[in-house]
Amino acid sequence: MMKVKSLINLALVGIVFVALSGCSAVHTSISKRDLDVQTKISTSVFVDPVPQEQRKIYLEVRSGVMEFDRNSFRRTLSQQLVNSGNGYTLTDDPKKAQYTMSVFVRNLEKTTPEDAAGALSAGFQGVGAGAALSYATGGSYRNAVGTGLLVGALSTAANAFVQDVMYLLVADIQIKERAGKGVIVRRDSKINTKISDDGATTQTYSEATTQKEYRTRVVTTANKANLELAEAQPLMFEKTAYAMASFF
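Structure, rendered in structure tokens:
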């Protein structure tokens, strides 16, 4: 009779263990079931208004990230610029362009959100619940600790199937605008270059130009449970391009 009772208690504990190990995974799968894409701009850019015939943009898109689809993003950005409703068009000749927009994508990578408070709380609750259940079924303090560790192991295994995934896209933008007639723009630049571990060189120069220059950064994040880049990329591109097209 005692053996049967022990088996029943063990089965109940096993059920609770499975439930506990899947709590975090279930919470992630529910709370992060929908794709969430957010875009932020570091600095707003305001270009000068010009007549309709001068609203031409020469566009450059570059990247050092192999996973970044430059052609796809360029098409998305081109569509946003042309369809902004402000009458801008693209040109392949920089000499005919009123604006030159250069985009360089620095990062497109997978990151894990750091939620230290949540992780600490989940870890504490997991071990505490496991220890209490082991004690209730007649286990020793050593068995309670072992049970708590088992809950942690089961939780880790369950969470391996449901992960909170975030992708990050960082793009630097430089916009050059032709100044009006009679306007000369003076640009003072300072460049620091490292020569070796023992020293560096500094270059300082000034130049007169007929172009105004603006620089800003656009950061886009995509978050969802078990998110893959192929799913995240289209909406990330669209929102990033929409933010960039808002400068015109």
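Position 219 of the sequence shown, counting from 1, maps to 218 under numbering that gives the first Met the number 0, and the rest follow consecutively. By construction, the Cβ of each residue, glycine as well, lies at the ideal position given by its N, Cα and C atoms. Predicted model only: the values in this text are computed from it and were never measured.
Contacting residues, own chain, Cβ-Cβ under 6 angstroms from residue i (five flanking each side not counted)
i: K109; result: Y166
i: T203; result: K189
i: T88; result: K55
Secondary structure of residue i, DSSP reduced to three states
i: S101; result: strand
i: N70; result: helix
i: Q53; result: helix
i: A96; result: coil
i: T42; result: coil
i: M165; result: strand
i: V64; result: coil
Buried or exposed by the 16-neighbour rule on C-beta atoms within 10 Å, applied to residue i
i: M243; result: buried
i: T239; result: buried
i: A170; result: buried
i: P48; result: exposed
Neighbourhood of residue i by C-beta distance below 7 angstroms, restricted to the same chain and skipping five residues each side
i: E66; result: L107, L228
i: A96; result: K55, I56, Y57, T90
i: N225; result: V161, Q162, V164
i: I40; result: T215, V217, A242
Close-in-space but distant-in-sequence residues of the same chain around residue i (CB under 8 angstroms, 5 per side omitted)
i: N85; result: R54, F247
i: D196; result: none
**OP:** Flag this pair as touching only if the region 162-178 and the region 205-216 have three or more C-beta atom pairs under 8 angstroms; answer yes or no.
**Re:** With the cut-off at 8 angstroms, the region 162-178 and the region 205-216 touch.
When you compare the region 59-66 with the region 98-105, are there three or more beta-carbon pairs, one atom per stretch, that lie closer than 8 angstroms? yes
task = Pair every Cβ in the region 67-82 with every Cβ in the region 35-46, then say whether three or more of these pairs are closer than 8 angstroms.
result = Result no; under three Cβ-Cβ pairs closer than 8 angstroms.
### Message
Restricting to runs no shorter than 3 residues, where is the beta strand (DSSP E) found entirely within the region 170-200?
### Response
The beta strand (DSSP E) runs of length 3 or more contained entirely in the region 170-200 are, from start to end of the chain, 184-195.
Note to self: Quick check: the region 38-46 against the region 215-227, are at least 3 beta-carbon pairs closer than 8 angstroms?
What the structure shows: yes
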